[in-house]
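Notes for the one structure printed next.
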Amino acid sequence: MIEPPLVSPPTLADAYRLLAESVYRPIAGGTDVLVQLSGQLGPPPDRLLDLWRLDELRGIELDGDALVLGALTTYSGIRRSAVCRDLLPALVEAAATVGAAQIQNRATLGGNIANASPAGDMLPVLLATDATIVVGSIRGERSIPARSFWTGYRQTALRPDEIVIRIRIPLVADRQVRFRKIGTRRAQAISKVVVGLSWVAPTSGSPWRTVRLGLGSVAERPIRVTATEAFLEGRLPTPDTAAEAAQRVAAEIQPIDDVRSTADYRRAVTARVLHRLIREAGSW
Amino acid sequence: MSVIGADAPRVDGPAKVTGAAQYTADIVLPGMLHAKVLRSTMPHARLVRIDASAAERELGVVTITRDDLTGMDPYYGPVVKDQPIVGIDRVLFAGDVIAVVAAEARDIAEEALDLIEVEYEPLPVVTDSDAAMAEGAPVLHAARRTPQVTFPDMKSVHFQTDSNVCSVYHVERGDVEAGFADADELFEDVYSVPTIQHGHIEPHASIAYWEPSGKLVVHTSTQNPSVIRTQLADLFGLPETSVRVIVPYVGGGYGAKTYPKLEPIVAALSRKARRPVSLVISREEVFMTAVRHAASVRIKTGVRCDGTLVARRVVATYDTGAYADIGPRTAKNGGYSAGGPYRIEHQDLTSYCVYTNKPPAGAFRGFGVPQVCWAYESQMDDIARRLGMDPVELRKRNLIQENDLFVTGDRLVSVGLDKCLDQVVEAIGWRGIESTRPIETDRPGFVRGLGLAVMIKSTMTPSNSAASVRLNADGSATLLTSSVEIGQGSHTGLAQIVAEAIGLPLDRVSVTFPDTDFTPYDQSTSSSRTIFSMGHAARQAGIQIRDQLLEIASGRFEAAVEDLEIVDGSIRVKGVPAQSLTIPQVFTTHFGAAVGSLFGAFDYQTTGGLDPDTGMGKASAFWFLSAAGAEVEVDTRTGKIRVLRAVTSVDVGKAINPRQCWLQNEGSMLTALGSALFEEMLFDNGQPVNASFLDYMLPSMEDFPDTFRSMLVETPHPEGPYGAKGMGEAGLGPVAPAIGNAVANALGGVRLRDLPLRPERVLDALTKEGLQ
Ligand SMILES: Cc1cc2nc3c(=O)[nH]c(=O)nc-3n(C[C@H](O)[C@H](O)[C@H](O)COP(=O)(O)OP(=O)(O)OC[C@H]3O[C@@H](n4cnc5c(N)ncnc54)[C@H](O)[C@@H]3O)c2cc1C
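Line order of the protein sequences matches chains A and B.
Numbered according to this note's numbering, the first sequence spans residues 447 to 730.
Numbered according to this note's numbering, the second sequence spans residues -5 to 766.
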C-alpha cells in the first residue's frame, strides 16, 4: 500500500484554492479514506487534502429554526451535544450506531455524506428531516437538498472542486423523527437496512402530515420512498395503516442480494420495521 | 501456601500490557528482506506459464517459483504430503501460493508481484464436500504420499486415493440396525456448519535464514515448533539438528498456527536470497492460510419412549479444502465424538475428510467436535420435545459416568459431566420442562428462550512432552520447555506447577520460549494438552530437583528425607523451623560454594491409540467434559438474535489457576457465540467474497451477553499434574447448540439446523412454519 501525498491547508480559503488547482481526495476523519487506500475498493486516491485543521467546518449551532452542523462534526460530538439530544434525538441515536467508540471519535458527518455509501447510517435521517447539504468551493457556496444529493451508486451532486461544509436540518414544530438500523452485530456493523421516518402531528391522535421515509441499504443510494410517504400522508397510525404501509414499502423498493444479506430479507425487514414504527407511534 | 489453585497473575502480563513483548513481526535481522506472496486468482487451474524474469531483473528483488524448487522434495503436510511450497502444476484454491518475492521493503516486494506473469488454464471447481464426493467430480489430488515422520494416532485413519475423499474413519459398537429396530422413535436430520476463520489477532509471520554451516534457522509464530522442524528437515533433506526453530510470543492461533504455514516459503526464499527473509501476511491472506472445516452431519438416533438412547448412526463430512493439513485427524476426532457424551448401546460413526477447492482447513479450537456437537445436541432437544421430556432429564438419563466405556472402548476416568450440567441448570435458572417454553416479553415481537447442551472431546493420544528444569545456585529455577505461550496462560500455569513441585515461591521460576536447539521435545501446543502433558513432565522434573535438594539436606541435617520439607525455597526439618537451609546453602553443602546447578528432566508419553481395523482402543489420555447454557431474545420481526446470558461449566480436573481457566472459558464462549450467530466464510464459485474483517463478522464487545459466566468442576485426573486436565477447548463446543436450543425454545420448537443463525434464516424458518 503506497501512501499518497497529503496537504493540510490551515484555512478554508486555502483549501478552496488548492481544490481549484488540482484534483484531491478530501480526507476528514479518514475512516473511509484509509480503507480506500488499500485500492481494493476502487482506485486509490493520488492526492489527499486534509480537512482536519479547518475549524470553519466545526461546531453545532441553532440557527433560527434550523440545526446547523459543521461537516467535521464527529459522531461523538453529536452524541455529546445537548442541542442535538434535545432537538433531534433520532440523529443522536443514529450517531450512536455508527461503528464503535473509536470510529465515533474520529468519523465525521460530512464524511458519511460525501462517501455516499448506500449503507451510510446517517443518510436516511437526513432524508427524513429534509436536511440541506451546504457545499462550498472557490466559486462560493450552494445548498443541495439531501433528496437530490446522492445521485447514483456512490455518486453525489458534488463537483470535483467542492467540499461539504455544513449540514442544515430544519426544525419543524410537532415533528417526530425515528431511526432504526438493522445490522448483523451490535457494533461495527454495516447496515442491512436503515430507516429514517418523520411526520408532523400535533398530538398522537392527529393525522400524519409531511411524512418522510428515508431508507438505506435497499438501493444503489440512500432513497426516499415517496409512494409510501404519499400513502401515509394524512393517515392515523392505526393497524390498518401499518399493514398497508408495510405492503406498499415492500413493493416500492428493489433491494439486492449481496454478501451482507438478501433482497428478500431487506424487503421483509424494511416492511416490518416500518410496521413496528407505526405501531409504536399509535401505541397499540 | 500452595501456589496450585491460586489466581497467580500472568507472568507475561506486564510485557504484553506495556507493548514490550516481542512477536515475530517485531524481529529485525541484519540484511533481512521482506516477502510478499503472489496468490492465485483462480480456485482451480493448471499453471500453464509463470514468468518471474521481469521481477527478478529489479535490483534487490528475489523471487521463487516452481523453477526454484530444485534439489528437494517440494511437498509438505503433516499427514499427507500434498502441499507444494509454491504452485507446481496447478493451483487448488483462490489464494493458493504461486510465487513469492523478497525485497528490501514490503512495498517493493508488493510492486514486484505485478511483474510476474501467470497464465492459467481454468479447471472445474468443487466447493463443497457433497459436490467433491459426487460421481465424476474432478479429483484434486490423484497421487498422495505420506511424510517420513508422521503421528502414531494416524494409523487408525484410512487414506483413499481414487476420489476427493482424503481419509475415512469408522468405529462401531453393537448393531446399529438392530438398535433402530428396537427403538420406539427415530430421528434423522442433517446439520451443517460453514467454513469459519480463527480470527487470531497476530497474523501468521515467519522469518528464516541459513547459517554458513548449512543450518536453517526459523523464527516463527507457530503452535508446534517440533513439527515445523521435522517438516523443514524433510523438505530440505536435513537432519533435525540442522533445523532450529525459535518461537517468540504468539498473538493467538486457536489452531491456525499448527503445522507448516509460512515456514517452508521463507526457508526456500532465504535459501535462494542468501539473506534472512521475513514474511508477515495481511489479514486477507490469513483467511487463505487456515480455516475451520465446514461440515455436514447426518445423524440418526433411535430412542425408547422412556428417553433411553439405543442407537445412533452419524456420518460427518469435513471439508478440508485444497490440502489435507491436519484434516484427517480433525475428522477422526469429530468422528468418534459424534455419539456425544452418552451411553448408547449401538453406535455406528463414520467421518470423511474431503478435498475441495477452498483454503486448507485444519485445527481449530474444538478440533472437529463443535461440528458434531452442534448436530447431536440440537437433536437431543428435538428428541426431548417429541417425547415430552425435560431435555435435562433426557440428558441425565443417558449421560456417561465414571468408568463407563466410550465408543472406542476407553474406560472413562475423571468424568464430572453430571456436575457440569447441574451447575449450568442452576446458573441459568432452568426449571424443568417449563423452561422449554417461550418466555414472553413486554416488547411485542420479542420472545426469549433458554437452552443448554453438553459435550465430550478427546485430546491427541498418544503424544509426548519433555521438560527439563534447572535449579540455579541462587534458588531460581528455569523450566526449559517447547510449549508455546500463545496467550492461553501456559507459562503462568507451568511456572506454578514447577514452583509447587520444588517448593519455591512462584517468582523464582522462569519459563523459556521454545528453541529446538535448547528446549526439549514437545509434540505441540494444541489439543489443550500443555497443562496436562507438559505440566506432568515439568512436575516430574521439579520433583527430581526436590529429591536432590532433600537428599543433600538430609546429609547435612542427619535427618531422614521423609522428615524434611521445602517451603518457600527453604529446606527444613518438619516441625523444627530453626533447622533450615536456603538453596544457596544447599548448593554450598553440595558443591563447596554457591555455584553449579541441579537438573531434572522428564519425558512424559501418554499411551493409547486406536486399532487401524476397528477404530477401537484408547482414544484419549483425558476427556474434556463441559456443559453450557444460554438465554436468548429473538426479534421475530427481524429474525435477530441477542444472547442475553451465556454460562459454561467445565470439568478441569484441578484448576491450577482458576482465573486463567475462567478466562479460557470466556474466550471459548465468545468464539462459539460468533460461530453460532455471525461467522461464515462465503465463496462464490470458489472465490472468497468476505475474506476480511469488513464483511466477516466476528462478535463485537457489544455482542457480549450481559451475563457471561464461567464455572469449573474439579474431578481429579490420576495422571494430570495435581489432578489437572486440559481445558482450553472445553468451553466452546456446547455453546452454539445451547444457543440454538434456546432459539428453538423461544420459537416454540422451530429448529434451525444450519449455522450461523443468521436473521435471514430465522425469518425464513418462521415464514415456513407459518408463524409470520
Ligand atoms: C470500523 C469501521 C466501522 C464503520 N462503521 C460505520 C457504520 O456503522 N455506519 C456508517 O455509516 N459508516 C461506518 N463506517 C464508515 C465511516 O466511518 C463513515 O462513513 C464516516 O462518517 C466517514 O467519515 P470520515 O470523516 O472518517 O470520512 P473520510 O474517510 O475522511 O472521508 C470519506 C469520504 O468522504 C470524502 N469527504 C470527507 N469529508 C468531506 C467533505 N467535508 N467534503 C467533501 N468530501 C469529503 C472523502 O474524500 C472520502 O471520499 C465505518 C468505518 C470503519 C472503518
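Note that beta-carbon positions come from the ideal geometry of N, C-alpha and C, so glycine has one too.
Residue B:G586 holds the alpha-carbon nearest to the alpha-carbon of I546 of chain B among B:G586, B:T510, B:P571. Between I92 of chain B and V119 of chain B the beta-carbon gap is near 17 Å, outside 8 Å, which marks them as no contact.
The criterion of a C-beta distance shorter than 9 Å is not satisfied by S459 of chain B and Y370 of chain B. With a cutoff of 8 Å, Q482 of chain A counts as near ligand 1, since its C-beta is closer than that to a heavy atom of the ligand.
In this structure, V707 of chain B and K413 of chain B form a Cβ contact; the two beta carbons are roughly 4 Å apart against a cut-off of 8 Å. Taking the Cβ atoms as the reference, V280 of chain B lies roughly 7 Å from Q191 of chain B, within the contact range of under 8 Å. Residue contact check for T477 of chain A against chain B: no CB pair falls below 9 Å. Taking 9 Å as the CB threshold, L688 of chain B lines the interface with chain A. Fully contained in the stretch 163 to 217 of chain B are the following beta strand (DSSP E) runs of length 3 or more, in chain order: 179 to 187, 199 to 204, 210 to 214. In the assembly as shown, V22 of chain B is an exposed residue. Its beta-carbon has fewer than 16 other beta-carbons within 10 Å. Straight across, the Cα-Cα distance linking G439 of chain B with R626 of chain A is about 16 Å. G603 of chain B places its beta carbon 9 Å or farther from that of Q341 of chain B.
For I636 of chain A, the shortest separation between its Cβ and any heavy atom of ligand 1 lies below 8 Å. At a cut-off of 9 Å between beta carbons, R631 of chain A contacts chain B. Scanning its chain for C-beta atoms nearer than 8 Å, with the 5 sequence neighbours on each side dropped, one finds around V719 of chain A the residues R626, I628, V639, V641, in chain order.
Note that the C-beta distance between A421 of chain B and R745 of chain B is not below 9 Å. Relative to the Cα of P753 of chain B, the nearest Cα in the group A:D710, A:P606, A:G728, A:L723 belongs to A:D710.
Comparing C-alpha distances from A730 of chain B to each of B:S157, B:V274, B:T519, B:S662 shows the shortest one belongs to B:S662.
Counted as a single uninterrupted DSSP element, the beta strand (DSSP E) harbouring A622 of chain B occupies residues 617 to 629. In this structure, the C-beta of S522 of chain B stays at least 8 Å away from each heavy atom of ligand 1. Inclusion of P72 of chain B and P24 of chain B in the CB contact set at 9 Å is not warranted, their separation being larger than that value. Shown here, H152 of chain B sits in a strand according to DSSP, grouped into three states. Contact check for P335 of chain B against L411 of chain B passes: the beta carbons are separated by less than 9 Å. What R33 of chain B touches in chain A, judged by beta-carbon distance under 9 Å, is nothing: the nearest beta carbon there is about 13 Å away. Taking R379 of chain B as reference, the option from B:M66, B:Y349, B:D90, B:I427 with the minimal CA-CA separation is B:I427. Closest in C-alpha terms to A357 of chain B, from the list B:T295, B:E278, B:G231, B:K251, comes B:K251.
In the three-state DSSP reduction, Q517 of chain B falls in the coil class, being neither helix nor strand. Sequence-distant Cβ neighbours of D436 of chain B in its own chain, meaning closer than 8 Å and more than five residues away, do not exist here. In this chain, the beta strand (DSSP E) harbouring M449 of chain B covers 440 to 452. The beta-carbon of L676 of chain B is placed less than 9 Å from the nearest beta-carbon of chain A. Taken atom to atom, the span from the alpha-carbon of L494 of chain A to that of G362 of chain B is near 48 Å. Assignment of N458 of chain B by DSSP, reduced to helix, strand and coil, places it in the strand class. Look at I427 of chain B here: in three-state DSSP terms it is helix. With respect to the C-alpha of E166 of chain B, the residue from B:T701, B:P606, B:K719 having the closest C-alpha is B:P606. Under the DSSP definition of a beta bridge, F596 of chain B partners with B:A461. Collapsing the DSSP output to three states places Q542 of chain B in a helix.
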